[in-house]
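Participant:
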Amino acid sequence: MEIRKMKRVKMSIAAVITALLTGCAGNMVVPLQEHGSILSDADQAKQALAKASSCCVAFKDFSYAPLPEGETLLAIDGKQPTFQFDEGMSYFAAYRLPTNTGNLAISLASQVSKTVMVPKVIMLDAEFKVTRVLGESVFSYQPAHLLDNDRIEGRVFVDRSMPGNPASETYMIVYAPADKLSGSTTILHPSKAFARANGTVEPDIKDPVIPHSPWGLVQIKVKDMARGSGLEAVFKPEYADKVAMSQGQQVAAIATTAAVTTTATAAVAAKPAPAMLSETEAFYQSQIEKAVKAGDIDKAMKLVNEAERAGSTKAKSVFIDAVKRSQK
């Protein structure tokens, strides 16, 4: 039995090393210890917030920092400005989205330590008018995995070719809504996570309960989906419909679907590829679904491209269906 356990531990270590040497090597490892003061005391953060006053009258008065493509680490603490949002007073950060890009995939992961900030996002057009408010319908707790810490994570897709929204989403505001500050998030105990990863029996131990805080550490990743993928359009109906339903708005789905079909067709190589073997098709479908389930959209999109070049006729539809399921 002990030998089996040792083998499993070695396999886990090997998996981490493999991740470091492959795709995960480019990911930012969030330095929680360096920002311990932000994530250590929810009561202290709430007391500081209680003494704060609103910096501005309206969103147009905010100071918007440019949000670069790639990875950004956002620290929200007493140094950030505060504003009286609909839910109450909150610290916030305001960004101007990258320009001259295609559709954007933006992931935001609020890091869990002794406290956690539950993020909410407001998207604005070029005239500082609200286009979307994204909260519980987008953000959810994700347990630690390989190089990623426990986090409350969500994805925001900025579609710059939707009817009535041609490149109009220009600004993004990140804040901790005041109506969530009295709550808490239960996370998976590290011992249980280790047991699951190694196929052993989970210990009978309570999961930690983490208090919500107005301060937090948020890892932001921005991806231009048009670069090298040719698949940026596949998110149009899925993500837009999901957000529209959560906000009770109507979306011109028919026009969008038509645009998606046209763009997706043009993205496929002009030369017809030979028919793919059913076994190979099944392999690609499995890998695409696994990548989407793991939240690695970039990898999934690359697999779709590779499969279609090899003659797949189902890779794109499998990808879209997998994204739909992940957004529910």
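Heads up: the sequence shown runs through residues -25 to -1, 1 to 303, numbered per mature numbering (1 follows the signal peptide of the UniProt record, and there is no 0). Built from N, CA and C at the ideal position, the CB exists for glycine as well. Note that the coordinates shown come from a computational prediction; the quantities given were computed from them, not determined experimentally.
Using only the alpha-carbon positions, how far apart do aspartate 271 and glutamate 102 sit?
Facilitator: Sequence index remark: in the sequence shown, residue 271 carries index 296 (1-based). Sequence index remark: in the sequence shown, residue 102 carries index 127 (1-based). Going by the C-alpha atoms only, they are around 33 angstroms apart.
Participant: State the Cα-Cα distance for the pair lysine 167 and histidine 120, rounded to the nearest angstrom.
Facilitator: Taking the first residue of the sequence shown as 1, we reach residue 167 at position 192. Taking the first residue of the sequence shown as 1, we reach residue 120 at position 145. If I take the Cα positions, the gap works out to 12 angstroms.
Participant: Our contact map puts aspartate 100 next to threonine 145 with C-beta atoms below 8 angstroms; I'd like the distance itself, whole angstroms only.
Facilitator: Taking the first residue of the sequence shown as 1, we reach residue 100 at position 125. Taking the first residue of the sequence shown as 1, we reach residue 145 at position 170. Their Cβ separation, rounded to whole angstroms, is 6 angstroms, which keeps aspartate 100 and threonine 145 in contact under 8 angstroms.
Participant: Measuring CB atoms only, is the region 158 to 178 touching the region 63 to 73, in the sense that at least three cross pairs come out at less than 8 angstroms?
Facilitator: Not touching, per the Cβ criterion.
Participant: Whose C-alpha, out of Ala172, Met251, Lys95 and Pro73, is nearest the C-alpha of threonine 288?
Facilitator: Taking the sequence shown and counting its residues from 1, the one referred to as residue 288 is at position 313. Comparing Cα-Cα distances from threonine 288 to each of Ala172, Met251, Lys95 and Pro73, the minimum goes to Met251.
Participant: Could you name the residues of the same chain whose beta carbon sits closer than 8 angstroms to that of aspartate 182, not counting the 5 residues immediately before and after it, in chain order?
Facilitator: Numbered from its first residue, the sequence shown carries residue 182 at position 207. The answer, listed in chain order, is Thr161, Ile162, Leu163, His164 and Lys167.
Participant: Which residues mark the beginning and the end of the alpha helix (DSSP H) in which serine 301 is found?
Facilitator: Sequence index remark: in the sequence shown, residue 301 carries index 326 (1-based). Run containing serine 301: 290 to 301, per the alpha helix (DSSP H) assignment.
Participant: Check whether the Cβ atoms of valine 91 and glycine 191 sit closer than 8 angstroms, and answer yes or no.
Facilitator: Start at 1 with the first residue of the sequence shown, and residue 91 comes out as number 116. Start at 1 with the first residue of the sequence shown, and residue 191 comes out as number 216. A contact, by the Cβ cut-off of 8 angstroms.
Participant: What first and last residue would you give for the beta strand (DSSP E) that runs through aspartate 123?
Facilitator: Taking the sequence shown and counting its residues from 1, one reaches residue 123 at position 148. Note, aspartate 123: premise wrong, no beta strand (DSSP E); not H, not E.
Participant: Whether or not the region 169 to 177 and the region 40 to 54 are in contact is what I'm after, with contact meaning three or more pairs of Cβ atoms, one per stretch, closer than 8 angstroms; do they touch?
Facilitator: No: the two stretches stay apart, fewer than three of their Cβ pairs being nearer than 8 angstroms.
Participant: Please classify histidine 10: does DSSP put it in a helix, a strand, or coil?
Facilitator: To locate residue 10, count along the sequence shown from 1; it is residue 35. In this structure, histidine 10 counts as helix in the three-state DSSP scheme.
Participant: Looking at C-alpha atoms only, which residue of Val32, Tyr259, Pro43 and Val96 is the closest neighbour of threonine 106?
Facilitator: Locating residue 106 in the sequence shown gives position 131, counting from the first residue. Cα-wise, what sits closest to threonine 106 is Val96.
Participant: The alpha helix (DSSP H) spanning phenylalanine 169 covers which residue range?
Facilitator: On the sequence shown, position 194 is the one that residue 169 refers to. Note, phenylalanine 169: alpha helix (DSSP H), 165 to 173.
Participant: Going by DSSP, which residues form a beta bridge with phenylalanine 58?
Facilitator: Walking along the sequence shown from the start, residue 58 turns up at place 83. Paired residue(s): Ser65.
Participant: Nearest by alpha-carbon distance to serine 28: which of Pro178, Glu62 and Thr57 is it?
Facilitator: On the sequence shown, position 53 is the one that residue 28 refers to. That would be Thr57, whose Cα lies nearest to the Cα of serine 28.
Participant: By the DSSP assignment, the alpha helix (DSSP H) with methionine 147 in it spans what residues?
Facilitator: On the sequence shown, residue 147 is found 172 positions in, with the first residue counted as 1. Taken as a continuous stretch (DSSP letters only), methionine 147 belongs to no alpha helix (DSSP H), being part of the beta strand (DSSP E) at 144 to 150.
Participant: Just how far apart, CA to CA, sit serine 143 and aspartate 134?
Facilitator: For the purposes of this step, residue 143 is taken as the residue at position 168 of the sequence shown. For the purposes of this step, residue 134 is taken as the residue at position 159 of the sequence shown. Their backbone Cα atoms lie some 9 angstroms apart in a straight line.
Participant: Give a yes or no on whether the C-beta atoms belonging to isoleucine 263 and alanine 285 are separated by under 8 angstroms.
Facilitator: For the purposes of this step, residue 263 is taken as residue 288 along the sequence shown, with counting starting at 1. For the purposes of this step, residue 285 is taken as residue 310 along the sequence shown, with counting starting at 1. Cβ distance not < 8 angstroms, so isoleucine 263 and alanine 285 don't count as in contact.
Participant: Between Gln22, Asp273, Lys89 and Lys26, which has its C-alpha nearest glycine 11's C-alpha?
Facilitator: Here residue 11 corresponds to residue number 36 of the sequence shown, with the count starting at 1. Selected option, being the one with the closest Cα: Lys89.
Participant: Which first and last residues belong to the beta strand (DSSP E) in which serine 115 is found?
Facilitator: Residue 115 sits at position 140 when you count from the first residue of the sequence shown. Note, serine 115: beta strand (DSSP E), 115 to 117.
Participant: Quick one: what's got a C-beta closer than 7 angstroms to valine 149's C-beta in the same chain, skipping five residues either side?
Facilitator: For this step, residue 149 is matched to residue 174 along the sequence shown. Contacts found: Leu49, Phe67, Ala68, Leu83, Pro94, Val96 and Val193.
Participant: In the DSSP output, what is proline 186 paired with across the bridge?
Facilitator: Stepping through the sequence shown from its first residue, residue 186 is reached at position 211. Proline 186 is bridged to Ser159.
Participant: Hey, out of Arg300, Glu283 and Ala290, whose CA is closest to alanine 269's CA?
Facilitator: One-based indexing of the sequence shown puts residue 269 at position 294. The candidate whose alpha carbon is nearest that of alanine 269 is Arg300.
Participant: Could you say which of Ala290, Val87 and Asp154 lies nearest to aspartate 123 if we only look at CA atoms?
Facilitator: For the purposes of this step, residue 123 is taken as residue 148 along the sequence shown, with counting starting at 1. The shortest Cα separation from aspartate 123 among Ala290, Val87 and Asp154 belongs to Val87.
Participant: Note down the Cα distance separating arginine 202 from glycine 77, rounded to an integer number of angstroms.
Facilitator: To locate residue 202, count along the sequence shown from 1; it is residue 227. To locate residue 77, count along the sequence shown from 1; it is residue 102. Roughly 8 angstroms between the two C-alpha positions.
Participant: Leaving out five residues before and five after cysteine 30 in sequence, what residues of the same chain have Cβ atoms less than 7 angstroms from its Cβ?
Facilitator: Stepping through the sequence shown from its first residue, residue 30 is reached at position 55. Hits under 7 angstroms: Pro56, Thr57 and Phe58.
Participant: In this structure, does DSSP put methionine 92 in helix, strand or coil?
Facilitator: Here residue 92 corresponds to residue number 117 of the sequence shown, with the count starting at 1. Coil.
Participant: Judging by CA-CA distance, which residue of Glu256, Met64 and Lys35 is the nearest neighbour of lysine 155?
Facilitator: Reading the sequence shown from its first residue, position 180 is the one you call residue 155. With distances taken between Cα atoms, lysine 155 lies closest to Met64.
Participant: Between serine 221 and the rest of its own chain, which residues show a CB-CB distance below 6 angstroms, the 5 nearest in sequence each way excluded?
Facilitator: Residue 221 sits at position 246 when you count from the first residue of the sequence shown. Residue confidence for serine 221 is low, a pLDDT of 39 falling below 50, so the modelled location carries little weight and cannot support an answer.
Participant: Could you tell me which residues DSSP pairs with aspartate 199 in its beta bridges?
Facilitator: Mapped onto the sequence shown, residue 199 falls at position 224. Answer is Leu79, bridged to aspartate 199.
Participant: So, with DSSP's three-state summary, where would you put valine 176?
Facilitator: Residue numbering aside, residue 176 sits at position 201 when the sequence shown is read from its first letter. Valine 176 falls in the coil class under three-state DSSP.
Participant: Give the secondary structure of glutamate 128 by DSSP, where H, G and I count as helix, E and B as strand, and everything else as coil.
Facilitator: Position 153 of the sequence shown, counted from the first residue, corresponds to residue 128. Residue state, collapsed to three classes: strand.
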